[in-house]
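Working notes, structure below.
Residue numbers (the numbering used here), protein chains in the order written: chain A, 111 to 379; chain B, 75 to 376; chain C, 3 to 348.
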């Protein structure tokens, strides 16, 4: 682009400002010692401190983390295995498009429909076992269901870059199935697996709707807490919590980008 | 020597062994999706034909009532409330997507025009709100629309709202929230197309056409269609189906289809009706996807 | 580095079809232990398929591969004492050069000291010592090829297969590598089977060349045999430029449109082709005693080391050293000596 377009630059910057200004407002409030946040009464960290003594918030944060970690672990393993199964076997064209379609469903379906369907299914399963009461297990299952598809797609796109001649070379060099998998395929898939896992993790942390429908009284997550709290009335504490969450998000995003850069094993000549 | 051995990627084996092993790999993921996706979906469809018991429980008695209600045929004649809500959702989705697209183009051009090093920075700047929780991004508007701040004061000045009232809950606030939530969904895929733009074609068009709009339509738009397509499909359907934004910024009276569904699973305790409305949303989703794929694109989001 | 096994490779009645495409048609060939054997032919002639069948990466539709005394046809690639250098080299991108070379040894759980010894040996032999800790992405094409070679050779295979290993290299490097490869094979004594479409490569490296066409081995012999005495037009033209002259059998020689020529080796046909290489046609000051032909220069092509003259009649090509300069229109006498003319088979 050679010509400098001031109009475009202005629009772009305005858009970015538009995206950030609400968050900045919240951040400013969180450091304001005034309770209603509109008049600046001085810098303070008291709202943040209060957060850490609030057991309920800490529990919610913990729940959010556990939920994300457990569901990511399960989804990453299953998604990777699924991706391998889809890509590395001589399925016919029809089977392939069928599998593709199934994999795309969790991604395309509005999350509220999936949530509703899961509520119904769990209520039925509850008849057989109490494990399926509203709570962590339900939420983990719900998260894994959509994470699975994302992980599988990411790992599969990585797999397509790994040509079959590397496999043939390994065989020519006396590798058996297990050695091939362990020493060649998994290491080569790893950047995809890691990328898929990070995607799944972030999706879980961010999820609201599915958690909302499936959470039980003792498995509230941070997004649910914030939602319930702001409906009652916004307090500086909430602002502090939100700012903290945004800060953690920033760290995560930057951390993920750094990690993915390091993991780049070039597969192309 | 008629045998059924095959050579697959250097491995000497039979088709059967391969299929068995392949099924093994597919089984866990497939089974999971069967149990927790397909079966619930089928069940959900079945529920949409069931009846609501007196105390909000589920009665397995077949009825068309839910769908009748959906299309507005209730006790008191034709009251297409739900259809209107659907229409409103479509409009909101459409407008949100449109505004997001309009502002995503300058943003994408801007980022693409940066030197390669700082592009990464600007992309991160866009990615951060993208990954920030929707609830936070939505309620953050409470602050800006508060009566103590200029926006609300301006609206009061023009008589749009009474003095001293915040600029929410109302439709305008919903649109503000929706665009701020969904804009990055369009920008990021669009950017990946804009980055690969062949600017020589644009320059050639600038020589040919005096009108900026024609240059855009002829040289820029066609090249960005892949990314634009992905952005639209990632935005339109979720925007239609959101309930957080209209709930927080639109108030109890402003309902989109997501709110309606959520209500059936919450206060109204009417699962069958909720399922029927969900089916309506599902049909809308399918239609949107059809329109998208008719345009020749495969759904390859990742 | 080589063992004392003297295993010959016997390709017996091998056929291969892919769906309805008949790629290899009843190939029979013996490849002797310790020789540098080349499969030469254009793309699609089946040479790579045959190589992959020997490696164990394809199953023949029928036929056998016998190594030494053992029928190895039912064996998978991972059980054959045969290693391959792939056209793309197929180096493991996530492993260092050292680890790449050690791969085939580690996969068989060979004693770590032995592995170290062999890998070091291999790296040294192929001049890769400095690059042992680098990744394949950091190497040049020529270096990658050497790694692929080392990776295969440290396993001390009975046979080393090479699938068009020079195709990714530039011309100058190619010439050097061809000679290096030849020397390496002579030093090691391992049987090498090379697949290529480049006739120069085949001529430089090989002990024997098998020229392939459409799934058959058309002629097999030493480079001199195949070059000097091609059995068909196809082989003659594939190995290099060749002048083709239609001829009818006559007493002591053949009759052609340019006159009668004596032949040292009489053909067994009545009508057919005779050929002579451009570099064997002599240019004579005066009319030669026998087998002379008076021709006009149409054009001359400078080739650095020599000129190619294109002459009429007969669209003849003559290769001559550069100190003689000829202009289009010059009329000269050519001698096609009886010993250099070759009658081609049917």
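Every residue gets a Cβ at the ideal spot worked out from N, C-alpha and C, and that includes glycine.
Counting C-beta neighbours from all protein chains within 10 Å, is the total for residue 266(C) 16 or more, i.e. buried, or is it exposed? As a position in the third chain, residue 266(C) is number 264, starting the count at 1. Around the beta carbon of residue 266(C), a 10 Å sphere encloses fewer than 16 other beta carbons of the protein chains shown; the residue is thus reported as exposed.
With a threshold of 9 Å between beta carbons, is residue 92(B) in contact with chain C? On the second chain, position 18 is the one that residue 92(B) refers to. So, not an interface residue.
Nearest-angstrom Cα separation, counted from residue 206(A) out to residue 44(C): Within the third chain, the letter at position 42 stands for residue 44(C). Within the first chain, the letter at position 96 stands for residue 206(A). Using only the alpha carbons, I get a separation of about 35 Å.
Return the Cβ separation of residue 264(B) and residue 228(B) in integer angstroms, given the expectation that the two are a contact with Cβ distance under 8 Å. Numbered from its first residue, the second chain carries residue 264(B) at position 190. Numbered from its first residue, the second chain carries residue 228(B) at position 154. In fact, because the Cβ distance is near 31 Å, the residues do not count as touching under 8 Å.
So residue 12(C) is in the beta strand (DSSP E); what residue range does that whole segment cover? Walking along the third chain from the start, residue 12(C) turns up at place 10. Going by DSSP, residue 12(C) is part of the beta strand (DSSP E) stretching over 11 to 20.
Along chain B, which residues have their Cβ under 7 Å away from the Cβ of residue 274(A)? What you label residue 274(A) is simply residue 164 of the first chain in a count that begins at 1. Per Cβ cutoff of 7 Å: 83.
Throw me the rounded Cβ distance for the residue 150(A) and residue 349(A) pair, which I believe falls under 8 Å. As a first step, residue 150(A) is located in the first chain; it is residue number 40 there, counting from the start. As a first step, residue 349(A) is located in the first chain; it is residue number 239 there, counting from the start. Between residue 150(A) and residue 349(A) the beta-carbon gap is near 14 Å, outside 8 Å, which marks them as no contact.
Consider the C-beta atom of residue 16(C) and the heavy atoms of the ligand MG; say whether any pair is separated by less than 8 Å. The ligand MG is not part of this structure, which contains no ligands at all.
Cα-Cα, which of 345(A), 235(A), 208(A) and 212(A) is closest to residue 258(A)? Indexing the first chain from 1 puts residue 258(A) at position 148. The residue with the shortest Cα to Cα distance from residue 258(A) is 212(A).
Closest Cα partner of residue 143(B) within the set 362(B), 365(B) and 349(B): Residue 143(B) sits at position 69 when you count from the first residue of the second chain. The shortest CA-to-CA distance from residue 143(B) to any of 362(B), 365(B) and 349(B) is the one to 349(B).
Pull out every residue of the region 4 to 31 of chain C whose Cβ sits closer than 9 Å to any Cβ of chain B, in chain order. Residues: none.
Boundaries of the alpha helix (DSSP H) in which residue 139(A) is found, first to last residue: Position 29 of the first chain, counting from 1, holds the residue named residue 139(A). Segment 116 to 141, the alpha helix (DSSP H) holding residue 139(A).
Give every residue of the same chain whose Cβ lies closer than 6 Å to the Cβ of residue 307(A), excluding the five residues on either side of it in the sequence, and list them in chain order. Your numbering for residue 307(A) matches position 197 in the first chain. Here the set comprises 182 and 186.
Range of the contiguous alpha helix (DSSP H) that encloses residue 233(C): In the third chain, the residue the question calls residue 233(C) occupies position 231. In the DSSP assignment, residue 233(C) falls outside any alpha helix (DSSP H) and carries neither an H nor an E.
Contact set for residue 236(A): own chain, Cβ-Cβ below 7 Å, skip 5 residues either direction: Locating residue 236(A) in the first chain gives position 126, counting from the first residue. Closer than 7 Å at the Cβ level, and outside the excluded window around residue 236(A), lie 242 and 243.
If you measure beta-carbon to beta-carbon, which residues of the region 191 to 203 of chain A are closer than 9 Å to chain B? Within the region 191 to 203 of chain A, the residues whose Cβ lies closer than 9 Å to some Cβ of chain B are 191, 192, 193, 194, 195, 196, 198, 199, 200 and 201, listed in chain order.
Going along chain A in order, which residues have a C-beta closer than 8 Å to the C-beta of residue 335(B)? Position 261 of the second chain, counted from the start, is the residue given in the question as residue 335(B). Per Cβ cutoff of 8 Å: 222, 223 and 226.
Give a yes or no on whether the minimum CB-CB distance between residue 276(C) and chain A is below 9 Å. Taking the first residue of the third chain as position 1, residue 276(C) is located at position 274. False, the Cβ-Cβ gap to chain A never drops below 9 Å.
Near-chain A residues of the region 314 to 330 of chain B (beta-carbon distance less than 9 Å), N- to C-terminal order: Look at the region 314 to 330 of chain B: the residues with a C-beta under 9 Å from a C-beta of chain A are 314, 315, 316, 317, 318, 321 and 322.
Name, please, each residue of chain B whose Cβ falls closer than 7 Å to the Cβ of residue 265(C). The count along the third chain starts at 1 and reaches residue 265(C) at position 263. Result: empty, since nearest Cβ-Cβ is about 47 Å, beyond 7 Å.
Check for me: the beta strand (DSSP E) holding residue 222(C) runs from which residue to which? The residue labelled residue 222(C) in the question sits at position 220 within the third chain. The continuous beta strand (DSSP E) containing residue 222(C) extends over residues 218 to 223.
Suppose you measure from the CA of residue 118(C) to the CA of residue 18(C); what does that come to, to the nearest Å? As a first step, residue 118(C) is located in the third chain; it is residue number 116 there, counting from the start. As a first step, residue 18(C) is located in the third chain; it is residue number 16 there, counting from the start. Near 40 Å, if we compare the C-alpha coordinates of residue 18(C) and residue 118(C).
Return the residue from the list 238(C), 155(C), 323(C) and 146(C) that minimises the CA-CA distance to residue 168(C). Position 166 of the third chain holds residue 168(C). It is 146(C) whose Cα lies nearest to the Cα of residue 168(C).
Can residue 302(C) and residue 282(A) be called in contact, C-beta distance under 9 Å? Within the third chain, residue 302(C) is the residue found at index 300, counting from 1. Within the first chain, residue 282(A) is the residue found at index 172, counting from 1. No. Outside cutoff.
To the nearest angstrom, how far is it from the Cα of residue 372(B) to the Cα of residue 363(B)? Here the question's residue 372(B) lines up with position 298 in the second chain. Here the question's residue 363(B) lines up with position 289 in the second chain. The predicted model places residue 372(B) with a pLDDT of 48, which falls under 50 and marks its position as unreliable; any figure quoted below should be read in that light. Straight-line spacing of the CA atoms in residue 372(B) and residue 363(B) works out to 10 Å.
Identify every residue that forms a DSSP beta bridge with residue 207(A). In the first chain, residue 207(A) corresponds to position 97, counting from 1. DSSP lists no partner for residue 207(A).
If we define contact as Cβ-Cβ less than 9 Å, is residue 283(A) a contact residue for chain C? The sequence position of residue 283(A) within the first chain is 173, counting from 1. Yes, because at least one Cβ of chain C sits closer than 9 Å to the Cβ of residue 283(A).
Is residue 79(B) close to chain C? Criterion is C-beta to C-beta, closer than 9 Å. What you label residue 79(B) is simply residue 5 of the second chain in a count that begins at 1. Residue contact with chain C for residue 79(B): present (Cβ-Cβ distance below 9 Å to some residue of chain C).
Residue 168(C) (DSSP reduced to helix, strand or coil): For the purposes of this step, residue 168(C) is identified with residue 166 of the third chain, where counting begins at 1. Here residue 168(C) sits in coil by DSSP.
Buried or exposed: where does residue 249(C) fall if 16 or more other Cβ atoms within 10 Å of its Cβ makes it buried? To locate residue 249(C), count along the third chain from 1; it is residue 247. Its Cβ being crowded by 16 or more others within 10 Å, residue 249(C) is buried.
Measuring only the C-alpha atoms, how far is residue 320(C) from residue 144(C)? Residue numbering aside, residue 320(C) sits at position 318 when the third chain is read from its first letter. Residue numbering aside, residue 144(C) sits at position 142 when the third chain is read from its first letter. So the alpha carbons of these two residues sit roughly 36 Å apart.
First and last residue of the alpha helix (DSSP H) that includes residue 72(B)? Nothing in the structure corresponds to residue 72(B), since chain B is present only between 75 and 376.
Would you mind reading off the limits of the alpha helix (DSSP H) that contains residue 110(C)? As a position in the third chain, residue 110(C) is number 108, starting the count at 1. Per DSSP, residue 110(C) belongs to no alpha helix (DSSP H) and is neither H nor E.
For the region 84 to 97 of chain C, enumerate the residues whose C-beta is nearer than 8 Å to any C-beta of chain B, in chain order. Listed by position along the chain: nothing, the set is empty.
Can you list the residues of chain B that residue 188(A) reaches, using a CB-CB cut of under 7 Å? Here the question's residue 188(A) lines up with position 78 in the first chain. Near residue 188(A) (Cβ distances below 7 Å), the residues of chain B are 102, 103 and 106.
Contacts of residue 57(C) in chain A (Cβ-Cβ under 7 Å): Sequence index remark: in the third chain, residue 57(C) carries index 55 (1-based). Ordered by position in chain A, the residues that pass the 7 Å Cβ test against residue 57(C) are 282.
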